[in-house]
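A.B. asks: Numbered per the UniProt record's numbering, the sequence shown spans residues 1 to 210.
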Amino acid sequence: MTQSETSPSSGGTKRRDLLTTATVTLGCAGACALAVPFLTSLKNPAATTLSDKTLEVDLSSLAPGQDMTVQWQDWPIFIQRRTPQMLAALQTPAHIATLRDADSKMLQQPKDATNWHRSVRPDYGVLVGICTHLGCVPSFEKPGSAPEAEGGYFCPCHGSHFDAAGRVAQRAPAPYNLPVPPVTFLSDTKIRIGHSAGDPGFSMSDIQQI
Numbered sequence: 001m002t003q004s005e006t007s008p009s010s011g012g013t014k015r016r017d018l019l020t021t022a023t024v025t026l027g028c029a030g031a032c033a034l035a036v037p038f039l040t041s042l043k044n045p046a047a048t049t050l051s052d053k054t055l056e057v058d059l060s061s062l063a064p065g066q067d068m069t070v071q072w073q074d075w076p077i078f079i080q081r082r083t084p085q086m087l088a089a090l091q092t093p094a095h096i097a098t099l100r101d102a103d104s105k106m107l108q109q110p111k112d113a114t115n116w117h118r119s120v121r122p123d124y125g126v127l128v129g130i131c132t133h134l135g136c137v138p139s140f141e142k143p144g145s146a147p148e149a150e151g152g153y154f155c156p157c158h159g160s161h162f163d164a165a166g167r168v169a170q171r172a173p174a175p176y177n178l179p180v181p182p183v184t185f186l187s188d189t190k191i192r193i194g195h196s197a198g199d200p201g202f203s204m205s206d207i208q209q210i
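1. So which of Ser205, His117, Lys190 has the shortest CA-CA distance to Phe162?
2. With 16 as the cutoff for other CB atoms within 10 Å, does His133 come out buried or exposed?
3. Going by the CB atoms, is the gap between Gln108 and Val180 shorter than 8 Å?
4. Please classify Ile191: does DSSP put it in a helix, a strand, or coil?
5. Within the continuous alpha helix (DSSP H) that includes Pro84, where are the two ends?
6. Measuring CB to CB, does Gly125 end up less than 8 Å from Gly65?
7. For the ligand SAH, is there any heavy atom lying closer than 7 Å to the beta carbon of Gln108?
8. Rounded to a whole number of angstroms, what is the C-alpha to C-alpha distance between Ser119 and Ser196?
9. Determine the closest residue to Gln73 out of Gly159, Ala102, Gly129, Gly201, with distance taken between C-alpha atoms.
10. Classify Asn177 as helix, strand or coil using the three-state DSSP reduction.
11. For Phe154, collect the residues of the same chain with a Cβ closer than 7 Å to its Cβ; drop the 5 residues on either side in sequence, then sort them by chain order.
12. With 16 other CB atoms within 10 Å as the buried threshold, where does His158 fall?
13. In its own chain, which residues sit with a C-beta less than 7 Å from the C-beta of Ser104, not counting the 5 before and 5 after it?
14. Do you know how far the Cα of Pro93 is from the Cα of Phe85?
15. Name the one or two DSSP bridge partners that Asp72 has.
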């Protein structure tokens, strides 16, 4: 094949590469631009930053069945107050059979949250709100809005479902449960995110994926 025959193809490939690079760059720029106001919106008045590593959150305004979102280390943190119905739904054999990692065998949480409710206390759940598929932010499904979820989470990007304990459904594209940050209860209505009294050596760098 002569040089004159190969040049147009080579030029076309280069142009496509440049267009692809430009598209990806613009997409990343757009995502970064959206991320700034989103993270700013998570400045919850119930949360008090103590240091770069810890955050105290007042839970006194959180009613049963409700959730709140705060920002910790640039991550959205979902906090939910579970009802007895939500807790019961987490333990039914029919529901457990639909989960990919029902027993939390993958390291996505501290030791004191390696239990059926994936939290320090059953009535409060604390999760990193980042889908383990491609990093989108799932939305909270209020109890009763989706019987199979009973207060779980749905990722609008690719359809991953997580239950109220952050456990992912088997058929979801997300490969892992939602991460659980280190949490310590300072009182019945106040928590500290960033340190686990039950697993002091735990670090978010230890988990499988965020």
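Here a beta-carbon is modelled for each residue, glycine too, at the ideal position from N, C-alpha and C.
None of the values given here were measured: they were computed from a predicted structure.
C.D. replies: Let me lay it out:
1. Translated into the one-based positions of the sequence shown, residue 162 becomes position 162. With distances taken between CA atoms, Phe162 lies nearest to His117 out of Ser205, His117, Lys190.
2. Residue numbering aside, residue 133 sits at position 133 when the sequence shown is read from its first letter. His133 should be labelled buried.
3. By one-based count along the sequence shown, residue 180 stands at place 180. By one-based count along the sequence shown, residue 108 stands at place 108. Yes, these two residues count as a Cβ contact at 8 Å.
4. For the purposes of this step, residue 191 is taken as the residue at position 191 of the sequence shown. Here Ile191 carries a strand assignment [DSSP, helix/strand/coil].
5. Reading the sequence shown from its first residue, position 84 is the one you call residue 84. From DSSP, the alpha helix (DSSP H) with Pro84 extends over 84-90.
6. By one-based count along the sequence shown, residue 125 stands at place 125. By one-based count along the sequence shown, residue 65 stands at place 65. Going by beta carbons, Gly125 and Gly65 fall outside the 8 Å limit.
7. Absence of the ligand SAH is noted for the structure shown, with no ligands found whatsoever.
8. Reading the sequence shown from its first residue, position 119 is the one you call residue 119. Reading the sequence shown from its first residue, position 196 is the one you call residue 196. As the crow flies, the alpha-carbon of Ser119 is around 11 Å from that of Ser196.
9. If you number the sequence shown from 1, residue 73 lands on position 73. The option with the nearest alpha carbon to Gln73 is Gly129.
10. Locating residue 177 in the sequence shown gives position 177, counting from the first residue. Per DSSP, reduced to three states, the secondary structure at Asn177 is coil, with no helix or strand assignment.
11. If you number the sequence shown from 1, residue 154 lands on position 154. Excluding its 5 nearest sequence neighbours in each direction, Phe154 has C-beta neighbours in its own chain below 7 Å: Pro138, Ser139, Glu141, His161, listed in chain order.
12. By one-based count along the sequence shown, residue 158 stands at place 158. Counting Cβ neighbours within 10 Å, His158 comes out exposed, since fewer than 16 surround it.
13. Locating residue 104 in the sequence shown gives position 104, where the first residue counts as 1. Setting aside the 5 residues that flank it on each side, Ser104 is surrounded in the same chain by Thr114, Arg118, Asn177, each with a C-beta closer than 7 Å to its C-beta; the list follows chain order.
14. As a working note, residue 85 is residue 85 in the sequence shown. As a working note, residue 93 is residue 93 in the sequence shown. Looking at the sequence provided, one finds Gln at residue 85 rather than Phe. Approximately 15 Å between the Cα atoms of the pair.
15. Counting from one through the sequence shown, the residue named residue 72 turns up at place 72. Strictly speaking, residue 72 in this sequence is Trp, with Asp absent from that position. Trp75.
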